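Trainee: Numbering (the working numbering), first residue to last: 107 to 308. Beta carbons: idealized from backbone N, C-alpha and C, even for Gly. Quick caveat, the model's predicted, so the values are computed rather than measured. Once you've had a glance at the structure underneath, I'll fire off some questions.
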């Protein structure tokens, strides 16, 4: 009987709560030397106490290269910093956010766009959870900061390569809804703890 029970238990699928957390919500660094060097360089810029912080991946990072002139014209006098590295996913940004508490009294607004590099290999729900995890950590590290969450751009080429099983499952929440989810969740949490800056989704 004990052996039979053991076999039956082995056949029962593990609940989601027991499973490993989705890849998108796990903080992790990248091994590349250039990535670590760029991370250190951006950490050094935090010492200047930015008032406006942009966080994300290459979509944000390239403002400092191809879009430099526009950046300077729009944000040059606002002590703005692009805290973003090409190719980053939600997990990479989660890992990079740890030192932000040192500027918790300086940053007035943080603008977040992250998740497009997760699209090729992760389901929408997991990516949305990763975005919400980033927003939650931002509120923890920068409790006085207004957080603006931008929906990621449409990824048509990635979507074309995704194999949809048959029959297709129920539609997952779109990635654009992650901003609204993060806003509702963070705003309700702040309302219960007194006046503070709330997330805003455009």
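Roughly how many whole angstroms lie between the Cα atoms of residue 125 and residue 170?
Mentor: As a first step, residue 125 must be located in the chain shown, where it is residue number 19. As a first step, residue 170 must be located in the chain shown, where it is residue number 64. In a straight line, the C-alpha of residue 125 is about 40 Å away from that of residue 170.
Trainee: Thinking just about the alpha-carbon of each residue, which of 223, 247, 259 is nearest to the one in residue 159?
Mentor: Sequence index remark: in the chain shown, residue 159 carries index 53 (1-based). Of the candidates 223, 247, 259, the residue whose Cα lies closest to the Cα of residue 159 is 247.
Trainee: Below 8 Å, can you find three or more Cβ-Cβ pairs linking the region 167-181 to the region 216-231?
Mentor: no
Trainee: So the alpha helix (DSSP H) residue 244 belongs to, where does it begin and stop?
Mentor: Locating residue 244 in the chain shown gives position 138, where the first residue counts as 1. It spans 230-247 - the alpha helix (DSSP H) in which residue 244 sits, taken as one unbroken run.
Trainee: Since residue 255 sits in a beta bridge, which residues does DSSP pair it with?
Mentor: In the chain shown, the residue the question calls residue 255 occupies position 149. 218.
Trainee: In the DSSP output, what is residue 186 paired with across the bridge?
Mentor: On the chain shown, position 80 is the one that residue 186 refers to. 158, per the DSSP bridge assignment.
Trainee: Around the Cβ of residue 138, are there at least 16 other Cβ atoms within 10 angstroms (buried) or fewer (exposed)?
Mentor: Translated into the one-based positions of the chain shown, residue 138 becomes position 32. The residue is exposed, with fewer than 16 neighbouring Cβ atoms inside 10 Å.
Trainee: Going by CA-CA distance only, name the one from 168, 238, 250, 240 that's closest to residue 188.
Mentor: Residue 188 sits at position 82 when you count from the first residue of the chain shown. If we check each option's Cα against that of residue 188, 168 comes out closest.
Trainee: So residue 200 and residue 253 are supposed to be a Cβ contact under 8 Å. How far apart are they, rounded?
Mentor: Translated into the one-based positions of the chain shown, residue 200 becomes position 94. Translated into the one-based positions of the chain shown, residue 253 becomes position 147. 15 Å between Cβ atoms; not a contact.
Trainee: Alpha carbons only, please: which of 142, 141, 203, 228 is nearest the one belonging to residue 127?
Mentor: The count along the chain shown starts at 1 and reaches residue 127 at position 21. Checked all of 142, 141, 203, 228; the closest Cα to residue 127 is 228.
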